[in-house]
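Single-structure report; data block below.
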């Protein structure tokens, strides 16, 4: 990231006889970061987890590398975080695939308590050799690598592995284990490397780690280390994450204040490009309400909605007793469906993640209408009629920012009922450090690159077409902070945010009839395959009903999927 040093000569040496790999380049954000406005602990460099002070290290010394296997069959590299601040200890090595620029981090720690009988950090008692590369004679590699698991003292946990380039055990002083009450359960996240091109259930694998329990109330802290396994991950692994043992209120001193949030948005607010052929545009919620949107009740007449949603039912559950819909008048309905780019607004939710070591900035976009889907069936592109249509459409991007430094690390792109995280090194940027996203034609799913993404398999799927156009949302130009629970009364939530029912009605069309209409256009051999594919789609894609609002999503208090 912004404070990474270039690879040392020894780190570059491994690549001298091979084609240049992405990891040879250290990723930096396109523009230097500003000095963040003053506050409590945000972007102060280190975080106190309750007697255990941790520092995020993003500069490394390479220990060992392999040149094949892993993602894209380009191998992986293993590093020690270096240099360490005075008094801090390594908790484990860092590893990443070679198919991306060097862009990670690992935590180093020191104890702020000095009671000898209850030390927060202790040396391991021994090491166990988990794996070595000696038997892989034909593997392209930088000599041989050895992966060691520390043996922690009783009442302590290993937070990471040690990697060496020689068969001798590492020094016991190389690493520290952490007292168990300051640790949390971990789970394997993404596959980093294995000798093959996919994870082998019977072979050696390396995975990144994340806390098993994640959310705004969860206190697990990833250490930036990895787990090495002979086989695939199980429910229990030998490496732990850290845990922030401060109370929630005390841990929030490392979250950004209102002034710092404004500064983060000025630096990072993303651009969202709509497809040049998009006709169903976003709007503000207030524009939707003021232009004739109606609140329906199971029993009773439809009523107009106040601009702030002040007459919407508050709280409760999505019990089907209320829903929103377009104006009754056909011309007004057709106009409101199309949204209004001149009156769009995005809505911000700021929340603590990973034990308040990261800040998530969720940026929500509202569209009055989600258009019909288009299918690609081998060489045929076919409109699916009403399939995919629904009133009300909520999409979002989430920026994950380090509370150690204020640096952007990842962005989440919501896509129908799921989505994907993309590391900062893999993002497209414009105007400095502003990430770029692309909204798919009519469905509005968000992607990090322009082009076609097919939701399906075997040449049959829903088209998600994205492209640059003059229709672009600059999320920093028109945004409203609607929620930051950790700031208490400093942020007032608008009434519509606490409306828990659907933002659109249930659709009454017969999906079977729609499928038959489409199938008439297909050759015989493709009819059954297409029918099977459509029936496998979730309701959100089929468009049978409108969505709930942002606060009803699991990601509001949990992690993104």
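Numbering (the working numbering), first residue to last: 358 to 918.
For glycine and all other residues, C-beta sits at the position ideal for the given N, C-alpha and C.
This structure is a prediction, so every number in the text was calculated from the model and none was measured.
Taking 8 Å as the cut-off, the beta carbon of residue 843 is found closer than this to the beta carbon of residue 612. DSSP lists 422 and 453 as the bridge partner or partners of residue 434. Residue state for residue 618 is assigned as helix, using DSSP reduced to three classes.
Here the stretch 453 to 467 does not lie against the stretch 495 to 513, with fewer than 3 beta-carbon pairs under 8 Å apart. Inter-residue distance for residue 596 and residue 603 is about 22 Å (C-alpha atoms, whole angstroms).
Residue 537 holds the alpha-carbon nearest to the alpha-carbon of residue 475 among 532, 435 and 537. Taking the CA atoms as reference points, residue 635 sits about 11 Å from residue 827.
Look at residue 890 here: in three-state DSSP terms it is helix. Distance from the CA of residue 682 to the CA of residue 626, rounded to the nearest whole angstrom, comes to 31 Å. For residue 485, the CB contacts under 6 Å within the same chain, skipping 5 residues up- and downstream, are 506 in chain order. Around the CB of residue 415, 16 or more other CB atoms lie within 10 Å, so the residue is classed as buried. For residue 666, the closest C-alpha among the options 438, 852, 797 and 453 is that of 852. Selection 815, 857 and 734 evaluated against residue 679 yields 857 as nearest (Cα-Cα). Cβ-Cβ distances below 6 Å link residue 795 to 630, 804, 807 and 823 in the same chain, with the five nearest sequence neighbours on each side left out; the list follows chain order.
Secondary structure note for residue 708: its beta strand (DSSP E) is the uninterrupted segment 703 to 710. Here residue 905 really is in contact with residue 675; their C-beta atoms are around 6 Å apart, less than 8 Å.
Counting only the Cα atoms, residue 390 lies some 38 Å from residue 500. Across the set 628, 610, 578 and 455, the C-alpha of 455 shows the shortest separation from the C-alpha of residue 551. By the criterion of a C-beta distance shorter than 7 Å, residue 734 is surrounded in its chain by 817, 879, 883 and 887, once the five residues flanking it on both sides are discounted. At the C-beta level, residue 747 and residue 861 come within 8 Å of one another. Ranked by Cα distance from residue 442, the options 590, 737 and 412 are led by 412.
For residue 591 and residue 488, the gap between their C-alpha atoms comes out near 18 Å. Per DSSP, residue 751 is one residue of the beta strand (DSSP E) stretching across 747 to 759. In this structure, residue 724 and residue 637 form a Cβ contact; the two beta carbons are roughly 6 Å apart against a cut-off of 8 Å. Rounded to the nearest angstrom, the gap between the Cα atoms of residue 837 and residue 403 is 30 Å. According to the DSSP secondary-structure assignment, residue 567 is paired through a beta bridge with 544. For residue 812, the closest alpha carbon among the candidates 732, 619 and 777 is that of 732.
The beta carbon of residue 497 lies closer than 6 Å to those of 424 and 425 in the same chain, with the five residues before and after it left out. Of the candidates 774, 798, 799 and 768, 768 places its Cα closest to the Cα of residue 784. For the pair residue 448 and residue 540, the CB atoms are not nearer than the 8 Å cut-off. Residues of the same chain with a CB within less than 6 Å of the CB of residue 728, apart from the 5 flanking positions on each side, are 637 and 799 in chain order. A residue is called buried when at least 16 other Cβ atoms come within 10 angstroms of its Cβ; residue 419 meets this threshold and is buried.
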